[in-house]
Amino acid sequence: MPTYSVYTRIASNVPIKNLQYDLAIYRMDSVKKKHFLLPPVFKQVFQSNYETQYHQTSETNDPLTTIYMVEIMLYRKHFNNIYAALAKPFFRMYTLGDLISGKACSEHKRENACYFETAGETKLANEGENTILLTITVPPRPFFAKEYPIGNPNDPFVKSKFDFEMMTRLNQFDYPDQGGTSLCGPAALFYCLLRDRPDVYEQSARELWLYGRTKIGQLAISPSEGCKHPSGFFYEKGRQLVSGLDWITLASLRDSENTIMSYSDISDQVAGITDWWSLSAWFEKVGYKNIFSNVGLSHSSFQDILMLNKYITQGCTVVSLISAGMFADYGIQDSSAKNHWVVWEGPIHDDNDKSITPNTSLDEIVNFKAFSWGNVKDQVKEKKTLEYVLKHTFGALVFEKVI
1 MPTYSVYTRI ASNVPIKNLQ YDLAIYRMDS VKKKHFLLPP VFKQVFQSNY ETQYHQTSET
61 NDPLTTIYMV EIMLYRKHFN NIYAALAKPF FRMYTLGDLI SGKACSEHKR ENACYFETAG
121 ETKLANEGEN TILLTITVPP RPFFAKEYPI GNPNDPFVKS KFDFEMMTRL NQFDYPDQGG
181 TSLCGPAALF YCLLRDRPDV YEQSARELWL YGRTKIGQLA ISPSEGCKHP SGFFYEKGRQ
241 LVSGLDWITL ASLRDSENTI MSYSDISDQV AGITDWWSLS AWFEKVGYKN IFSNVGLSHS
301 SFQDILMLNK YITQGCTVVS LISAGMFADY GIQDSSAKNH WVVWEGPIHD DNDKSITPNT
361 SLDEIVNFKA FSWGNVKDQV KEKKTLEYVL KHTFGALVFE KVI
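Mapping the sequence shown onto the numbering used here, position 350 (from 1) lands on 350, and the numbers just tick up by one.
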């Protein structure tokens, strides 16, 4: 297996001889176990150009598209003492290819690990008591809602609320939920990232909240000003229609991919619709490998469904296009249009939880576990037959899971 030399760069105005760093580079799996690319580095000196030393990785078969977390802590040397220069480590994510090619840094200095000092000196202005004016420059918060500006108690993007939503999400008390928006395509992608790479999910959301942009592998997400300052009401009768966390992630992705319409209102349905080729491209750009697709204009055949059942039992990611009316959460109404993306979490099975086979009757009552509208459960309406499911399913995209 190959090894690589990896490095990153910081931003600072302090003489480089006075700075040191700790460095850890790892990826997290679906059970939140960290897989380190190299042994942890402690109290190392920088190169003269503010780059870290070149560190040799352990042997790895990971493809160059694999996303890693880069965790760096800075220290300031002062005479014979060394102090922490940051309140906590700085995090950023890069692909293995970025780390070995000198691209593991941002052109925006504050999106790197950075430490700056002022050379100004305080001077006594006059004798007696003084009124002191202290000015601190803070970058403006990228996201705010027009109906709930900063300071409003219902501000959906305030940091305390965002952090709480992130905590509950990472502990899987809930899942991405587009609510009444038409963001089921982005929800499918971010659900899969939350499931397979929770570190990537968290880091991408935090970068969007902090900087207003992020890059997940080769998928650049940079929403418009309209998306970052949405109109419309986030609450109805005291109930939150869509969370700030989900707007930041789901709407930002959809808006970044729109070439004509901005996604800037939570009631907007048209600008949020995702076609299958865009959804497939998103998955591939973040590291999933497309291995099969039978998404079509007509509904799925029995053989199509048997093929998808085979893939889901092999551990693949199956993202299916359906008619939303098939699912219980849609309500008592029905629909026949292909209008909803879902992620399978199990094969189609009968009432005895046995997977369907080529011998299963079309009149058999069936169901299957899937992610949809923030829930992971058996989703099909009660007492619906295999024939009904076939008429409400329009194929799927199948991917190997990301690492």
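A virtual CB, placed ideally from N, CA and C, is assigned to each residue, including glycine.
Span separating the alpha-carbon of Trp277 from that of Ala188: Sequence index remark: in the sequence shown, residue 277 carries index 277 (1-based). Sequence index remark: in the sequence shown, residue 188 carries index 188 (1-based). Taking the straight line from one Cα to the other gives about 14 Å.
Segments assigned beta strand (DSSP E), at least 3 residues, entirely inside the segment 66 to 153: 67 to 78, 81 to 84 and 90 to 95
Where the beta strand (DSSP E) through Ile10 begins and ends: As a first step, residue 10 is located in the sequence shown; it is residue number 10 there, counting from the start. Careful: Ile10 lies outside any beta strand (DSSP E) and carries neither H nor E.
The segment 65 to 72 contacting the segment 206 to 223, beta-carbon criterion three pairs below 8 Å: yes
Backbone secondary structure at Trp344 - three-state DSSP: Indexing the sequence shown from 1 puts residue 344 at position 344. The answer is strand: DSSP assigns Trp344 an E or B state.
Pick from Thr95, Ala84 and Ala337 that is closest to Cys114, judged by C-alpha positions: The residue you call residue 114 lines up with position 114 of the sequence shown. Selected option, being the one with the closest Cα: Ala84.
Alpha-carbon to alpha-carbon, Glu345 and Val286: For this step, residue 286 is matched to residue 286 along the sequence shown. For this step, residue 345 is matched to residue 345 along the sequence shown. Cα-Cα distance, rounded: 20 Å.
Proximal residues to Phe36 (C-beta, below 6 Å), its chain only, five neighbours per side dropped: Within the sequence shown, residue 36 is the residue found at index 36, counting from 1. Tyr26, listed in sequence order.
Backbone secondary structure at Tyr26 - three-state DSSP: Taking the first residue of the sequence shown as position 1, residue 26 is located at position 26. In this structure, Tyr26 counts as strand in the three-state DSSP scheme.
Reference Lys310; option with closest CA among Leu245, Gly325, Ile348 and Tyr288: Walking along the sequence shown from the start, residue 310 turns up at place 310. Nearest of Leu245, Gly325, Ile348 and Tyr288 to Lys310, Cα basis: Ile348.
Ser355: CB within 8 Å of a non-hydrogen atom of the ligand FAD: Looking at this structure, you won't find the ligand FAD or any other ligand, since it has none at all.
Unbroken alpha helix (DSSP H) run spanning Ala187, endpoints: Numbered from its first residue, the sequence shown carries residue 187 at position 187. Here the alpha helix (DSSP H) through Ala187 covers Cys184 to Asp196.
Environment of Val319 [buried if 16+ CB atoms lie within 10 Å]: Here the question's residue 319 lines up with position 319 in the sequence shown. Buried.
C-beta atoms of Tyr175 and Phe371 nearer than 9 Å: Taking the first residue of the sequence shown as position 1, residue 175 is located at position 175. Taking the first residue of the sequence shown as position 1, residue 371 is located at position 371. Taking 9 Å as the Cβ cut-off, Tyr175 and Phe371 qualify as a contacting pair.
Residues sharing a beta bridge with Glu51, DSSP: Within the sequence shown, residue 51 is the residue found at index 51, counting from 1. The partner list for Glu51 (beta bridge, DSSP) reads Arg9.
Exposure of Glu225, with buried meaning 16 or more beta-carbon neighbours within 10 Å: Start at 1 with the first residue of the sequence shown, and residue 225 comes out as number 225. Counting Cβ neighbours within 10 Å, Glu225 comes out exposed, since fewer than 16 surround it.
Alpha-carbon spacing of Gln379 relative to Val242, whole angstroms: Start at 1 with the first residue of the sequence shown, and residue 379 comes out as number 379. Start at 1 with the first residue of the sequence shown, and residue 242 comes out as number 242. Whole-angstrom Cα-Cα distance: 21 Å.
Stretch-stretch touch, CB-based, cutoff 8 Å, three pairs: the segment 51 to 63 with the segment 145 to 156: no
Simplified DSSP state of Tyr404, which is helix, strand or coil: Given that the chain is displayed from residue 1 to residue 403, the structure contains no residue 404 and the question cannot be resolved.
Residue environment, His340, which counts as buried when at least 16 other CB atoms sit within 10 Å: To locate residue 340, count along the sequence shown from 1; it is residue 340. Buried is the call here.
Within 9 Å, strictly: CB atoms of Asn367 and Lys384: Reading the sequence shown from its first residue, position 367 is the one you call residue 367. Reading the sequence shown from its first residue, position 384 is the one you call residue 384. Taking 9 Å as the Cβ cut-off, Asn367 and Lys384 qualify as a contacting pair.
Host beta strand (DSSP E) of Glu400 (start-end): Here residue 400 refers to the residue found at position 400 of the sequence shown. Per DSSP, Glu400 belongs to the beta strand (DSSP E) from Thr393 to Glu400.
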